[in-house]
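Take 1 as the starting number for the sequence shown in UniProt numbering and just add one per residue.
Note that beta-carbon positions come from the ideal geometry of N, C-alpha and C, so glycine has one too.
A quick write-up on the structure given underneath.
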Amino acid sequence: MLGEMNKFTIDENDHEWKILKKLKQTTDEFRSCIEDLKVLGKKDFKMILRWRKIAREILGIEVKDDAKTEIEVVPLTEEEQIEKDLQGLQEKQRLNVKRERRRKNEMKQKELQRMQMNMITPTDIGIEAASLGKESLFNLKTAEKTGILNDLAKGKKRMIFTDDELAKDNDIYIDENIMIKDKDSAADADDLESELNAMYSDYKTRRSERDAKFRAKQARGGDNEEE
Numbered sequence: 001m002l003g004e005m006n007k008f009t010i011d012e013n014d015h016e017w018k019i020l021k022k023l024k025q026t027t028d029e030f031r032s033c034i035e036d037l038k039v040l041g042k043k044d045f046k047m048i049l050r051w052r053k054i055a056r057e058i059l060g061i062e063v064k065d066d067a068k069t070e071i072e073v074v075p076l077t078e079e080e081q082i083e084k085d086l087q088g089l090q091e092k093q094r095l096n097v098k099r100e101r102r103r104k105n106e107m108k109q110k111e112l113q114r115m116q117m118n119m120i121t122p123t124d125i126g127i128e129a130a131s132l133g134k135e136s137l138f139n140l141k142t143a144e145k146t147g148i149l150n151d152l153a154k155g156k157k158r159m160i161f162t163d164d165e166l167a168k169d170n171d172i173y174i175d176e177n178i179m180i181k182d183k184d185s186a187a188d189a190d191d192l193e194s195e196l197n198a199m200y201s202d203y204k205t206r207r208s209e210r211d212a213k214f215r216a217k218q219a220r221g222g223d224n225e226e227e
């Protein structure tokens with residue numbers, strides 16, 4: 001209530017005021033303060049609140065909790081409320097992005113570990129590739145085309161092609177000297193796709209060197225693997 005008023009108007013004929021003005025706390029300083037509340041400081045308001053507490057006790061008015069009496073909740077301005085809402089939305093968005101990034105990294109780690117432990121199956125590849133979208137570790141169509149899907153289902157950890165097999169339109173050759181190392185953190189899993197691309201590039205180089213027909217096919221523009 002103090003924050004909504006500019007001054008207290010006293011009725012000298014009021015019965016309650018005749019009692020309260022005899023209090024030792026009703027000083028000239030107190031009278032001066034209640035004449036203009038706009039210019040008062042924190043100390044002055046504390047004096048008025050103490051006087052009010054004593055006055056309520058004398059008049060038998062129920063005394064409320066001091067903490068609730070003295071603390072005034074200042075409402076936010078429109079600009080402050082908008083700023084608060086924006087901060088809340090930004091924090092929520094940041095947490096959602098962080099949560100989604102963690103989820104994708106965990107899926108990559110899980111897929112890598114299962115591949116190394118010979119536990120991956122064609123069904124699993126399809127489901128997890130669909131979940132990860134473009135960021136999936138394997139392209140399902142490529143896996144089906146090369147036959148890797150079937151070999152993984154049989155539990156083969158790595159594949160080595162013969163010269164005859166290299167002459168066919170295969171897509172992936174995994175050299176026995178290239179190993180996919182365990183990743184120590186979720187962030188390292190992001191490098192796996194680059195590692196697989198390097199393996200594929202190495203395979204293309206080897207096949208190109210061994211298969212003259214393949215080189216001729218490339219020269220005629222018949223290699224549509226990259227499309």
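On the DSSP letters alone, give me the boundaries of the alpha helix (DSSP H) that L20 sits inside.
15–20
Tell me which residue opens and which closes the alpha helix (DSSP H) that K42 is part of.
42–59 is the span of the alpha helix (DSSP H), which, as asked, contains K42.
CB L23 to CB I48, shorter than 8 Å?
no
K92 to E57 span [Cα, whole Å]:
49 Å
Exposed unless 16 or more other CB atoms sit within 10 angstroms - verdict on L112:
buried
Go ahead and label K108 buried or exposed: buried means 16 or more other beta carbons lie within 10 angstroms of its beta carbon, across all protein chains shown.
Flag for K108 reads buried.
Taking DSSP as the reference, what is the three-state secondary structure of Q25?
It is coil, neither helix nor strand.
CA-to-CA distance, K38 to E16, given in whole angstroms
Pairing E16 with K38, the inter-Cα distance amounts to about 25 Å.
Whole angstroms are fine: how far does the CA of D36 sit from the CA of E83?
34 Å
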